[in-house]
Structure formats: C-alpha cells, structure tokens
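Which chain is which? The protein sequence lines are A and B, in order.
For the first sequence, the UniProt record's numbering begins at 1 and goes up steadily by one.
For the second sequence, the UniProt record's numbering begins at 1 and goes up steadily by one.
Beta carbons: idealized from backbone N, C-alpha and C, even for Gly.
Inspection log for the structure reproduced underneath, given as structure tokens.
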Amino acid sequence: MILRGLWERRTLSLIVLIIAIIPVASAAVGPIYAAASRTTVVREVLRAAPAEARGWRYTTSGDVGAGVAAFTRGVDFLHPPVYGIETQGLLAAEDMNIPLIWQEGQCAHLRMIEGRCPQAPLEVIVSEAFGDKMGKKVTFANIVTELGGAAAELTVVGVYRPISHGDPFWFGRGMFTTVEGAKGDQRRAEPFFVTRETSSAITLVGSKRNWTNYAILGIDLAKVEGEDLETIAAMQAGAVALGRQTQAAVFSRLDDVIKTMRAQAGTLSVPTYVVIGQLVALAWLLLFQTVGDLVRARSQEIALARLRGHSLARVWRFALTEPLLLLALAFPLGLLAGRAAADLMIGALLPGVPLTVPATAPLAGAAALAGGLVAAVASAWRTARRPVTEEWRRTPRRTRPGWVIDAVVLALVGLGLVELLTAGVISDASGQRAGALAVPALLALALALLARRLLPALVRAFFGLTRRRGGLGAFLALRQVARGTVTAGSIVILATAFGLATFAVCAWTATIGNYAETARFHLGAPSVIEVTPVRPHELAEAVRKADPSALVAAPVVRVPGSVQMVATDPIRFTSVAYWDADLAAGRQIADATGLIRAPAMPRAWLTGDRVRFTVNHPSLRQDLAVRLMMTVSVPSRIGPIVVPVAYLTGTRSVREWNLPPACRTERCELRALRGELDYLSIAEPAPDPTSEVFGVTIAKLEIRQDGVWREVDAGLTRSSRWTGEGEASQDGLRLDVSDLTESSIRMATFPEELPAIVTGVPGRSPVPGLDGLNAAGVKAAAPTWAAPGLTGTGAIVDLEYADRIAYGLHSRARFEVWVTEGQAARITEALTAQGLGVLSVTHLADLQARFAGEGPGLALLLLLVSALAAAVLALGRTVLALYSSARRRRYELAALAASGAGLRSLRAALLVEQLITVGAGMLTGLGAGMLAARVALERIPQFAEPPTTPPLPFEIAPGPVALLVGGGVLVSVVAAVVVSEVLLRGIQVDRLREAQA
Amino acid sequence: MSIARCEGVVQIYRAQDVEVVALRDVDLVVDEGETVALLGPSGAGKTTLLWLLAGLLRPSAGRVWINGSDLGSLDQRKLDRVRAANLGVVLQNPGRNLIPYLTAAQNVAFAQRGLRRDRRRVGDLLDRVGLGDIRDSPAGRMSGGEQQRLAVAVALANRPRLLLADEPTSQLDGESGRAVVELIRQAAEQEGTTAVVVTHDKAVSDGLSRTVTIRDGRVGSEGRRGENLVVVGREGAVQVPPEYHHLLPPGSRARIEPLADGVVLRRVEG
C-alpha cells in the first residue's frame, strides 16, 4: 500500500526524495570537506615548515629500534624511520672535529662528484671542501683500530656534494655549508660519511667513546590528515617527557608548527560549522515545506482513515509512513551523494587530499533530515487533528501567517547585526561570535518574511488595473498570487536561498580580489625566485647578467622583523614590482624609487692580510698615547670588527697591523676610524679636559695582499667621503681624538637615515638592516599604504645603501630575485648558470592559492558551493510548489476553460503567476544578499591572519552576481514555460465530472 | 431501541464575519433496523445532520447519541472506536470515499483496519455490489457508478450498526441506484444495519422505511408507509409543507382551531 501510494504520487515523491537527498548530501559534504580542508591546513603548514619541524629525530645510545617502536606505536602517518649512527672524529691534520655519519640511504641524497659511495668498512666520502683528500687515507686523533692500537686509517673513496639543504632526509641539521649549484668558499666541518660496518671496525677513544644511534621520523605529507593533528601534538608532548624520563632524546621544532596548525584549523572550524549550520537550517526550511506538501497531498486519505475509525496511532502511522520511508531512503542516498560530491570538490579544489568521512558527516546529514522529520510530524499532527470535514470544504479556510516566528527571526537578525557591527572582524575561534556570521542568512530570511507579506498586498493594489486591462491572464495570476499560501512559502525559500547565494558570490569574488591584491603586495612581483644567500653585490651582479635590460628582474633582500626591510635595486625594482599610486598619494613608483636611490660612492675595500697606516700627529705628552682603531666589515661575520691598528706615541708613525683572517680572501670594507686617548700613568687628568684634543692625521692607508703593499683608495684627502669628528684635507684625514669620549670618523657612504618607501609608521624604530642589528634608521621619503614585499610596517631601501650600512648578513635575510610575468623560467636558468642556488620559485598564483587554502578561504568556498546548490534546490522546490498548486487547481482551470477562457489566457495566467512569485523571491534574495554583503562582508574572516597591509579593496565583481541572477532568471522562465505547458495539457473539461480534489 | 438519537441539536457554522445556523433544535430518533431517508432541499442541513451522526462534527448545542453513547462526551479515542465498530459512512462524492490507487478489495480492507480484518467479508461485499470481477482493479480507474457501489461496500466493511450515506446514488443510473438501495435494505434485513441516507432521489426514499425531511435546519416532516406527516417541533413549531404554501403562504397569518385530536389552521385574510 505504501509503495502504491508512493507510485501514485511518484512525481511528488521523487521530488521529495531528491529534495531530501540534496540537503543530506550538502550537509554531509560540509564535514567531509572540512576534514579535507583540515588535512590541507595540516599538510600546507607542515610543507612550509623547515625539515626539522616536520618530524622527530630520536636519539639514543641504546636500542633505537625499540625506542622508535614505542614512540610511534599506533601512528600511521610517518615515513619509515631513517636510521643512522654518528660520532665525532678529531681530524688530526686539520685540528677539526668532523662528524662521522652513516645514515640509511645516504648516497641517494648526495651527489658524487668524484669517486663512489663507501661500501666497505673504513671507507669514507668527504665533502668538496676536503676534495684534496680523495684517494688518500685520513686518520682521526680519537679513532684507533683497537684499544691501545694505532690510529685507524679511513680511505677516502669519494667526494660528495649535498643536493639540497632542505632535503628532509637530513632533518634540517645544517651540516652542509655548500649545496648543489652554490659556491663554497671555505673549508668547513662538513660530515664524512662512512658505512654502518665502520662503527664495528674502529674503536673510539677519549671522552666520547660511543656512537650515537638515531632515527629520523619524518611525517609523511601524503599520509598525514587533519585528524592526526592531536596525535602529533600528543607525540610532541610525549617527546619532551621522553627526554626527562629516559636517556633517549627526541628533537623537533614542531611546537610552533603545531600552534600554527591549531590556529589555522581554528580559523577553519568556526566559519565552516557556521556555513554547515546555515545549510542545515536552509535544508530544514526546504524540507519542512516539501515534506509538508507530501503529507498534505495525502490529507484526504488521512481523513478517510479517521472516518473509518482508525485509531490515532494508526492514523499517525498511516500519515507518516510515506514521508518517513522517503526520508529513510534519502539518508543513505544523501550520504553517498555527499561523499561523491565531496570527492569531486576535493579532487577539484584540494587535489591530493584523501577523502575521509568523519563521524560528523552522517550527523550533519541526519540534522539536515531532521527538518523533514519535524515537518512530517508537524504536518501529520495538524492533519490528524484537523476536523475531518475540513478536507471536504470547497473553499479551504484561509490561515493568516502568524507574527511570532517573524518576530523571533527579526529579533535574531537585529541581535546579529548589533553583534556584527560592534564586534569587528570575526576571527575568534571560540565561536562566540558565530551568531554574527549567520547574519547574511538571517537577513535574507528576515527580508523574505517581510516580502511574503508585502507581495500579496502589492499585488492586490493592481487588482483594479487588471479588471480594466491586461486580459484574463493577468487578472487570474494576480488573484492567485494574492491568495498567498504557495507564494508565501516560495518567496521565503527562494529569497533566503538566493540571498545566501548572492552573499556567497559577493563574498567569494571580494575575497578572491582581496587575495589577489594581498598576494600582489606580499609577494611584490609576478614571480619571486628565492636563491641561496650570497653577498648583496654578487646577487646584484648575477641579476645584472641574467637581465641586462634591467626591465625584467630585480635583486631583493628581505629581512623580517617588527619593522620589515626590503632592500633592492631601485631602478630594476621600478620595472618589476607592483605598485598602486592611489595608495601612495598618487605618487608613481618611478618617483618613489627615485627618492631612495643611493648616489654612487666609492668604498674602501680591504682584501689582504695586513694593513699599514701612515699617521701624523702632534707630539704627545709622555704620559699619553693615542689608540687608533679601524672598524671593518667582514662579510662572513655579523657585526662590526674593530681592528686596533696603531698605538701612537711621539709624532709621526707608520704602523702595521694584521687584518682579520677572513679578509685574506673576502672583501672586507673599511667603515670607520676611531681613536681614544690612553693615559699611560695614573696621573690626574688635566684640569681643563677640552684642552686634551689631539688631531691625528692619517696620511696614507696601505694593504698587503700576497706580499705586495698597495695603497687603498679611502679618500683620505676628500672631505665628502668622511663624516664625524675630524676632517679630510690635503694632508690627509684628521681624526680629532678627545679624552672625553671615544672619537670616530666614518666613511660617508650612507646617510644617518636611509631614504625609504615606508608603510605604516616605522617612527623611530630602525629597520633591521641586512645584518639584523637594527642599526639603520630610515627617513620616510615616500610613504604609502602598501608597498611591494612588505606585509606590515616596514621600509624599502636601496640595496646599495643597505649593504653600505650593514655588517654581515643576517641568517633570516631572504635573497630573492623578483621577475616580471612569464620570465621566471628564463631568469631562473640564467641565475643557476651563474652559480646561484635556486631554493624556490613562487608565482602570484601560488600565494593566492595559499590564501585560498587557509581555513577561512576553504570555509568561504564551502559557503559558495553550498549556497549555489541551495539556490538551485530552492528554485526547483518553488517550481514544484507552483506546479503542485496549479495542479490542485485543475478543477478550477477546467471550469474556466469550460466557461470560455482561452488556453492563451490560462497560459498567461500560469506564466505570470510563476514569474511574479519566482521574480519576487529572487529579487528579494538579491537585495538581501547585496545588503548582507554591504553589512557583513568586511567582518567575516578571509585570512587566517588578517594582513596589516595592503588595505583590502573588498570589491564585488559584478560579473558573477549577474551570472547568478541571469542563470536564475533563465531557469525560472524555462521552468515556468514548461510547467505551464504541462499543466495546460492536463486541463480537461471532463474533469468537471470528477470530484474536486 | 434507538440506535441514533438527536436531542435539541443546533449546528452553527462560523465563517469569517457571519454565522450560519445549519440546524436548529433538531430532535430525531432512529430505531435499530430502520432505513431512513433524509430529504430536503439543498442547504437544508441534511449533510450536516449526517456528519453530526457520524461524529465528524460536534453540535453547537444539543446532544447526539449513537448506540447509547453521547458523542459529545466521548474523547477522540472512544469516538474512533464508535466509528470503527458502529458506523459506516458513504460520503457524497464517490471518489472521496476511496483511495484511488488501491484496489477495490484493498479499499474495503482499509475500512476494516479499525477492527479485525475479515477477508471473506471483503469478497462477499464486492460480490454483493457486483464488483467481484474487478476486485483487483484500482478504484481510481473505475467508473463513477462502480466507485459509488464500491463506496457503499467500503462503508459496510465493518458491519456497521448504523450506515450513514450521503447521496449514494447521485451518479448512478436508475438500475444501479436500485441495486444500491437494495444493498442497503439487505444490510438492514440481514445484518440489522440501520441506515440513514441523504438523498434527493425519490426512488431511494421510496425504497426505505421512513423519510425525514429537513427544511431550514429543522425536521419538517416524516413519512412512514407512504404517508407524510409534519413534525411538531420542540417549541410547538410546525412547518407547513411546500405543497400547501399556496394555501398558507409563508408570512401569512392563520387562526388555530382546536379539534379533539389536533388543530386546524385557517388563513386569516387582511
């Protein structure tokens, strides 16, 4: 009987089934998609993390296998452990401690540039720095063949070059100073790799006699999922405890990564669940009406059951069986459909992320279905309690819509708006402001509730007009719309769904625009090539050779900090970097970079082993001496190196002093000269301290390189090249040495404050400088609201100035080459050819994709997809409701046809009725969506960390909104025409003989 | 013994702005085994009275007893029980009595669900109404006459003590109508089913044992054994049958002249 009933109402049943399946599917998609998004977040954060923050390094002097097994028990997201052993060997010939390492599979991660991999005990391979030892025997002071025996001899069988610093195989240990493609300029203690058997073939002596066993436990990015986050956190906590409780040590830099993952997962979860909540609510609304329709379609049968004296329980069962069966059928089908849809979505939007169905997915599906259940129960209750005779009334009683629900919704909207307008950007993961995030849907619902009351009244106002003109079609249509029952429900559904869809489209287009704008400024140029650290002049030279036109590439050094610094070649920067003159008070980039350019200025380079000063000075008292020092910048050292060059007594002196050893090969630079008075006796200083000023004149500065002395062009006679306490003249550079303070004079290669393009208000905070010493002040030559490469308060300065002022290079400085659109591959190739190691190439789209892959972006995408699906569903449901309504009126239509109303008029009546209803719903939705966008758009989270700069434009692209409306109108018109024709074919005057349904 | 009794029944329908009195002070007693035809012009209140007897409406005033139970005092559960055990109802439009997608047999069986099922009776009833051959055809595909006969069979499915039928022959030709009347009479004779039938069809009323005519919401007259008698109402009101309106038109004044066994009404001119 149930199946017969379902077949009898097959169209309605099928539509109810579809309408029930889709919300279940949509609701189930949310958690599945959220889980995949969470996996994406976890993977992306791990991918961006350094190698040592992507797993653990388990170290022990005992059984590493057992320890690792215990530590990783039940964990399935790790790469297989990479085992290794390690000790330190004191290389006798070099007086250096060299790590001796065997790591499982080591040779696959090294490039052999000479010889082969070690295969037998006592075979070893060395880095290029020790390439001269190829084929030779090496011995270590602490390694012998046996206790009391001779030093063990290890044979160098190969020379390797590490392929990449970033290779997670090495767990970010920083063992290598050179990498593939980059230049090594110094012999460093890079490890010697041996075979595992070597550990048994030799004996360690001295204080450290054991080999250390270790295992590298890398997290497999292809396996780790969002739900593993807490397991990772628990393992990290366990790792810390392990170090306290056992002799094992587990090292990792996962703490910060876990914090970042949790924060991003937090920014994902709140918006996602609000989106799912809205979807479920909309599903309730849809199902409530549709399932209600199904129950109402059976109201006569239910009345018959009551007429025949069926018990209330039986009547209920009779009333509920069909809808419940459909809902029960819709649940698994919906889950399957949701899984398939999520699979498609994830495949398209989050490629590579596995699909998992969390327990919340069926719960969300069930929650969505609950709307149908409530509707079925409520409708069955109403039908079962209503007087039976009501079913046979020729004119159904009119029920006026109550104000209670409307008042509750309007109150909620008001509260949400107040919260929204007073709370600012909603980024609190606690969910306390989630109510405000729901305002777009509530606003749409509120306007929909108002529209359903206004439309009948508005339509009634045109009654008079249709009496006089417009024909029978308009006359009938307006009266049917004014009756209100179907119209009201359809407008509420359609306006709410379209409101949400419009808002979602607005939000998505604005967000995409914001991502693009932010990516443009944060990245700085269409493509950015990160290279291995080199000297700034080497970077500039490499770029010059790679791009002789100076129009395609620009060298950039980025230094992070509370005040960031971007140092670049201003001329090249002008051609390559993004710029928005509107954000810089109308100033074009060429004007801005023109203000920060450093004038050409010779620098005093010191490459050699010894320096010689020729100094003239007045005769010094016997109890006084002048200590003369020079400040030197040594590229490989952070901070100034003060070299004492002379201890002056008497009058004229020629003094020599050693330069720092690094200056033998590196380009050291003379930055300043300093002098101070030294009292040779403990006598009281002179009563008038001002009288104790001595002019010390440096007449000549020479440097010895390869045993040959040559004069250094330090501009000792040119006043423009020095600034400080003294003066350059024909006689040389005079330094006024006082006993009050230390006196100094520096080379005037840079101003006190570097001219800069600044964002934010750096104020007196100095920029970090290339050396990270925060010694460089800046002058706001060109203030702007957003500057390329700066993600917050910061300054763009000339790389030449930055280099002149810096002492060394900070380890956090990033060396980049910015290139114009489509030139990245060519410039990358050219840079590599010049020996620069290319670490990564980032395009604008990559950064945009990263923003879109963060929590809020993923949630907004879910909102967009869900809202569009809901809009389609709402449109379908409305067409169905209009069809059902008109079908119920077939008797009436047949009567009209019998009384002479032409098909043309009836067609017009049906068309106009449908178009008015659908149009009103869509128009209300459009207005609600636009209003919600205006109110809420700037307050919904779009970024995991909202950017300080650039100012976000929040520009809504009209195209997609027009597409939504156009698509909606097109589908509505087509549906209206089809429905009208179907109904018109069903109008037969013969039906007048039948009972009025 | 009466199976149905109305006492001072008043029924008022409340529309938006108006109240319509459908029945006023109706007293009616239907004895067990009687077959009563409710007659009267359209809108007189016949269907309303039938619905009151079926417990589908609760009277605005007065009381209705079915098989000794005061319907007004019964809760829904007991009322359902009374309907299931004692009442069979044929609604005015045959389609309304049936579930169109169910077969004839299933429709009859559906009406038995309030009690225990009796498959044999289903077949028996369908045979009696001449639908035994098409017992497995969906009701919705039957002709109007077949549906009407099936509606009667459905109403008799539970062996009701009181059959309430509203225009059961309205869509039938004369022969079919007579068959339906015969069916009702058979039920009365063989199963003791009392029948109250609303009809405009003289053939139907002639076939039943008693007629009750409702006019303007009152019981105007009763007919037994071919004789039609006016009924003196609760307040002594008597409705002059329409066929005497030319003698005593509505609105005219009359003098009452007492007789030993009644009164005579004489029109007073002027």
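Can you look up residue i in the DSSP assignment and give me helix, strand or coil?
| i | result |
| --- | --- |
| B:M142 | coil |
| A:D343 | helix |
| A:K133 | helix |
| A:R907 | helix |
| A:I21 | helix |
| B:N107 | helix |
| A:D406 | helix |
| A:I571 | helix |
| A:G464 | helix |
| A:S633 | strand |
| A:N210 | coil |
| B:G220 | strand |
| A:K223 | coil |
| B:V122 | helix |
| A:I426 | Only weak support is given to the placement of A:I426: the predicted model assigns it a pLDDT of 46, under 50, and the value that follows is read from those uncertain coordinates. Three-state DSSP puts A:I426 in coil, outside helix and strand. |
Rounding to the nearest angstrom, what Cα-Cα distance links residue i and residue j in this structure?
| i | j | result |
| --- | --- | --- |
| A:V576 | A:D547 | 12 Å |
| A:L882 | A:T917 | 9 Å |
| A:V157 | A:R173 | 24 Å |
| A:A375 | A:Q245 | 60 Å |
| A:G912 | B:R77 | Here residue 912 of chain A turns out to be Val, not Gly, going by the sequence shown. Spanning the two alpha carbons is a distance of roughly 47 Å. |
| B:D80 | A:R308 | 8 Å |
| A:A604 | A:G675 | 19 Å |
| B:A254 | B:G217 | 23 Å |
| A:A477 | A:A407 | 30 Å |
| B:D261 | B:T199 | 33 Å |
| A:A554 | A:V566 | 12 Å |
Determine whether the beta carbon atoms of residue i and residue j lie at a separation below 8 Å.
| i | j | result |
| --- | --- | --- |
| A:L773 | A:V534 | no |
| A:L844 | A:P526 | yes |
| A:R655 | A:F694 | no |
| A:T878 | A:S490 | yes |
| B:Q11 | B:S60 | yes |
| B:P168 | B:V264 | no |
| B:T213 | B:E34 | no |
| residue 999 of chain A | A:R57 | Since the displayed chain A opens at 1 and closes at 997, residue 999 of chain A lies outside it and no answer follows. |
| A:A748 | A:T717 | no |
| A:A283 | A:S26 | yes |
| A:A780 | A:V797 | no |
| A:T466 | A:A457 | no |
| A:G792 | A:G760 | yes |
| A:V708 | A:L670 | no |
| A:L624 | A:D678 | yes |
Starting from the Cα of residue i, find the closest Cα among the options and give me that residue.
| i | options | result |
| --- | --- | --- |
| A:V144 | A:A592, A:K133, A:F130, A:T198 | A:T198 |
| A:V696 | A:R721, A:D731, A:C668, A:E669 | A:D731 |
| A:L445 | A:V973, A:L910, A:A928 | A:A928 |
| A:A378 | A:V274, A:S299, A:R889, A:S743 | A:S299 |
| A:T487 | A:A222, A:T593, A:G919 | A:G919 |
| A:T87 | A:A70, A:A411, A:R196, A:P358 | A:R196 |
| A:V817 | A:A313, A:Q247, A:L551 | A:L551 |
| B:E235 | B:W65, B:E7, B:Q147 | B:E7 |
The beta strand (DSSP E) spanning residue i covers which residue range?
| i | result |
| --- | --- |
| A:A781 | 777 to 784 |
| A:I202 | Unbroken run through A:I202: none, as it is neither H nor E. |
| A:E86 | 82 to 91 |
| A:A662 | Segment: none, A:A662 is in no beta strand (DSSP E) and carries neither H nor E. |
Please list the terminal residues of the continuous alpha helix (DSSP H) segment that includes residue i.
| i | result |
| --- | --- |
| A:T272 | 254 to 297 |
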